[in-house]
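Participant:
Residue numbers (our numbering): 6 to 129.
1) Assuming residue 63 contacts residue 128 (C-beta within less than 8 Å), just tell me the rounded distance between them.
2) In the DSSP assignment, find the unbroken alpha helix (DSSP H) run with residue 34 in it and report its ends.
3) Ignore the nearest five residues each way along the sequence and tell me which others in residue 34's own chain have a CB closer than 6 Å to its CB.
4) DSSP state of residue 105, grouped into three classes?
5) Rounded to a whole number of angstroms, what is the C-alpha to C-alpha distance between residue 126 and residue 106?
6) With a threshold of 7 Å, establish whether the CB of residue 118 neighbours any heavy atom of the ligand SAM.
7) Mark residue 13 as exposed unless 16 or more other C-beta atoms lie within 10 angstroms of its C-beta, in which case mark it buried.
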């Protein structure tokens with residue numbers, strides 16, 4: 006009888022839906038550098054997603070944007086009215102997005118172009 010109970014219990018548990026696997030960690034170290042700035046030329050924060058956190062001041066918004074574009078840092082140029090002022094901004098993202106390694110580095114002509122391309126990700 007105990008064997009029958011065990012067999013029935015095992016069969017019924019096999020019919021239950023499994024627990025979904027946890028989402029791999031999404032942690033990015035983000036750096037913004039203004040090469041021409043005399044003070045505060047470089048800033049770095051850590052962004053955690055799934056759940057949003059870390060030291061990014063707009064973690065919720067930045068994570069939502071990254072989720073919306075499949076973890077891509079640069080979403081391409083969004084319509085904007087950025088002035089043609091040359092004040093270079095270097096940005097870098099190093100870490101993991103949902104288990105996938107991320108190594109992104111680029112230069113934008115100014116902060117307006119940085120925001121138009123990357124949204125809230127580098128807004129700190």
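For glycine and all other residues, C-beta sits at the position ideal for the given N, C-alpha and C.
Owing to the predicted nature of the structure, the values given are computational and were not obtained by experimental measurement.
Facilitator: Reading from the atomic positions:
1) For the purposes of this step, residue 63 is taken as residue 58 along the chain shown, with counting starting at 1. For the purposes of this step, residue 128 is taken as residue 123 along the chain shown, with counting starting at 1. The Cβ separation is near 6 Å, so the contact holds.
2) Translated into the one-based positions of the chain shown, residue 34 becomes position 29. From DSSP, residue 34 is part of no alpha helix (DSSP H) but of the beta strand (DSSP E) over 31–38.
3) In the chain shown, residue 34 corresponds to position 29, counting from 1. Same-chain partners within the cutoff: 51, 99 and 100.
4) Position 100 of the chain shown, counted from the first residue, corresponds to residue 105. It is a strand residue.
5) Looking up residue 126 in the chain shown gives position 121. Looking up residue 106 in the chain shown gives position 101. When rounded, the distance between both Cα atoms is 17 Å.
6) Although the ligand SAM was asked about, the structure shown includes no ligands whatsoever.
7) Locating residue 13 in the chain shown gives position 8, where the first residue counts as 1. Residue confidence is low: residue 13 scores 47 on pLDDT, short of 50, so the model does not pin down where it sits. No coordinate-derived value is stated.
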